[in-house]
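Engineer: Residue numbers (the working numbering): -19 to 400. Idealized CB from N, CA, C, for every residue including glycine. Pasting a structure here, questions to come.
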């Protein structure tokens, strides 16, 4: 409890960052629709965000080494505020894409500063409890972000200013904290494809996870508008998917620790693919199915797709030694972001050509491919001893560069054989 209190500034900043940037992503899709953007153009907005996010993970360490954690966080959060309030200046899709690259870059810096600070403060004895608290705060921010959307007017100057003000609040806790900043050792070498060498299945799985969550979170509001939901209902549509994702973490963790990771991954990929096929059917019309069933489908989407990343991360960690864990998590987030960059563009094109419900064909096909590949790997490679299922931070690419020395003394097994 004392440690949580000492880290309350970090957790409070996390809450406001998620509330600010978490409301921007779907609100941009809704505003883009109101301004007449095509679905492909709205997809570009999301792709720009994740491209900036990946760049932020890579280049943020240089700012931290020059300014320190607190000042670097203030710079990143300030840049995010600029990108938010700049939206009404020029309601143009390409301009918005450019400033979404800036917002993605900035929020990556914010999250990685927070998570690296947390990593430096925790030990093996309190790691699970602390990151559980962090994830609760983080996902609570997602829920509150979607609640904010319900009060806003699409493409409004005032609405973007409200989101910007929320983001401004994130600067205050860390600017005022008296907690000692972590020390920064030498920069580590990046190995973006290390996860693939360790476990091709886990690498493919996190790409699918990035594809599905980015598509639903960024382009999903177009589907919600197409089935007849208003702004407050769209907000609830997004909230229930996050709640489903929160709830699913517990059973997914228990199953992943007790059963074969591949078996659990297979079950979740089958459920996700089947659900997305159902969401493409003609019954996905508000006049036919009613609002409650739309919410149920969104809840089930979060329930079946959100745990995929953590299951894959746990599976990959079974094949590496402790001294390579940060390199592994850095590689996983690189692959996750790669899937998240591409998928909104493809989903936007599908919506323009075939209609909003068909966006789920992309997600269904991705999970179907994951299911088939899981079956193949299950027969071609035997399962090995496992580590416990655990949360891996979203910005570990940055953490790898500021918390790990350049060379470690420990030895790990050769991952080139592609165990998983």
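How far does the alpha helix (DSSP H) with residue 56 in it extend, from its first residue to its last?
Structural biologist: In the DSSP annotation of this structure, the continuous segment of the alpha helix (DSSP H) that includes residue 56 starts and ends at 49 to 65.
Engineer: DSSP three-state call for residue 270: helix, strand or coil?
Structural biologist: Assignment of residue 270 by DSSP, reduced to helix, strand and coil, places it in the coil class.
Engineer: How is residue 210 classed by DSSP in three states: helix, strand or coil?
Structural biologist: coil
Engineer: For the 8 Å Cβ check, are there 3 or more pairs between the region 16 to 35 and the region 46 to 60?
Structural biologist: At 8 Å Cβ cutoff, the stretches do not touch.
Engineer: Considering only their Cβ atoms, is the gap separating residue 123 from residue 219 smaller than 9 Å?
Structural biologist: yes
Engineer: Straight-line CA distance for residue 3 to residue 132?
Structural biologist: 10 Å
Engineer: When we look at the beta-carbon of residue -7 and count the other beta-carbons within 10 Å, is it buried (16 or more) or exposed?
Structural biologist: buried
Engineer: Taking the continuous alpha helix (DSSP H) assigned at residue 289, which residues delimit it?
Structural biologist: 288 to 297 is the span of the alpha helix (DSSP H), which, as asked, contains residue 289.
Engineer: From residue 261 to residue -2, what distance separates their C-alpha atoms?
Structural biologist: 33 Å
Engineer: Are the CB atoms of residue 201 and residue 6 within a distance shorter than 9 Å?
Structural biologist: yes
Engineer: Grouping DSSP H, G and I as helix and E and B as strand, with all else coil, what is residue 378?
Structural biologist: With a pLDDT of 48 at residue 378, under the threshold of 50, the predicted position of this residue should be treated as unreliable, and no value is reported.
Engineer: Express the C-alpha separation of residue 314 and residue 35 in angstroms, rounding to a whole number.
Structural biologist: Using only the alpha carbons, I get a separation of about 10 Å.
Engineer: Reducing DSSP to helix, strand and coil, say where residue 400 ends up.
Structural biologist: Note: residue 400 maps to coil in three-state DSSP.
Engineer: Roughly how many angstroms separate the alpha carbons of residue 156 and residue 60, rounded to a whole number?
Structural biologist: 19 Å
Engineer: How big is the Cα-Cα spacing for residue 280 and residue 224?
Structural biologist: If you take the alpha carbons of residue 280 and residue 224, they lie about 6 Å apart.
Engineer: If you scan the region 114 to 188 from start to end, which runs of the alpha helix (DSSP H) of 4 or more residues do you find wholly inside it?
Structural biologist: Within the region 114 to 188, complete alpha helix (DSSP H) segments of at least 4 residues are found at 137 to 149, 151 to 156 and 174 to 178, given in chain order.
Engineer: Under 8 Å: do the region 289 to 304 and the region 232 to 245 share three or more Cβ pairs, one atom per stretch?
Structural biologist: yes
Engineer: Leaving out the 5 sequence neighbours to the left and right, which residues in its chain are closer than 6 Å to residue 86 when beta-carbon positions are compared?
Structural biologist: 56, 59 and 60
Engineer: Go ahead and pull the three-state DSSP assignment for residue 70.
Structural biologist: coil
Engineer: Pick from 67, 187 and 278: whose alpha carbon is nearest that of residue 350?
Structural biologist: 187
Engineer: Would you tell me roughly how many angstroms separate the C-alpha atoms of residue 310 and residue 90, rounded to the nearest one?
Structural biologist: About 16 Å.
Engineer: Where do the N-terminal and C-terminal ends of the alpha helix (DSSP H) with residue -6 fall, by residue?
Structural biologist: -12 to 15
Engineer: Can you have a look at residue 118 and say buried or exposed, based on whether 16 or more other CB atoms are within 10 angstroms of its CB?
Structural biologist: Residue environment for residue 118: buried (at least 16 other C-beta atoms within 10 angstroms of its C-beta).
Engineer: Note down, in chain order, each residue of its chain lying with its Cβ closer than 6 Å to the Cβ of residue 401, except the 5 sequence neighbours on either side.
Structural biologist: Since the first residue shown for the chain is -19 and the last is 400, residue 401 is missing from the structure and cannot be characterised.
Engineer: Using CA coordinates, which residue listed in 14, 285, 88 and 358 is at the minimum distance from residue 73?
Structural biologist: Taking only the C-alpha atoms, the option nearest residue 73 is 14.
Engineer: Taking all protein chains shown into account, do 16 or more other C-beta atoms lie within 10 angstroms of the C-beta of residue 304, making it buried, or fewer, making it exposed?
Structural biologist: buried
Engineer: Roughly how many angstroms lie between the CA atoms of residue 146 and residue -4, to the nearest whole one?
Structural biologist: 6 Å
Engineer: Please classify residue 238: is it buried, with 16 or more other beta-carbons within 10 angstroms of its beta-carbon, or exposed?
Structural biologist: exposed
Engineer: Could you name the residues of the same chain whose beta carbon sits closer than 6 Å to that of residue 235, not counting the 5 residues immediately before and after it, in chain order?
Structural biologist: Counting only residues of its own chain and dropping the five nearest sequence neighbours on each side, residue 235 has a CB closer than 6 Å to the CB of 244.
Engineer: According to DSSP, is residue 259 part of a helix, a strand, or is it coil?
Structural biologist: coil
Engineer: Taking contact to mean 3 or more Cβ pairs, one atom from each stretch, closer than 8 Å, check whether the region 315 to 322 and the region 179 to 193 are in contact.
Structural biologist: Verdict: yes, contact present.
Engineer: Could you work out which residue in 173, 198 and 282 is closest to residue 80 when comparing CA atoms only?
Structural biologist: 198
Engineer: Taking only the alpha-carbon atoms, compute the straight-line gap between residue 128 and residue -10 and give it to the nearest angstrom.
Structural biologist: 22 Å
Engineer: What separation, rounded to the nearest whole angstrom, lies between the Cα atoms of residue 259 and residue 277?
Structural biologist: 7 Å
Engineer: Going along the chain, which residues of its own chain have a beta-carbon closer than 7 Å to the beta-carbon of residue 149, five neighbours each way excluded?
Structural biologist: -4
Engineer: In terms of alpha-carbon separation, which member of 20, 222, 101 and 160 lies closest to residue 126?
Structural biologist: 222
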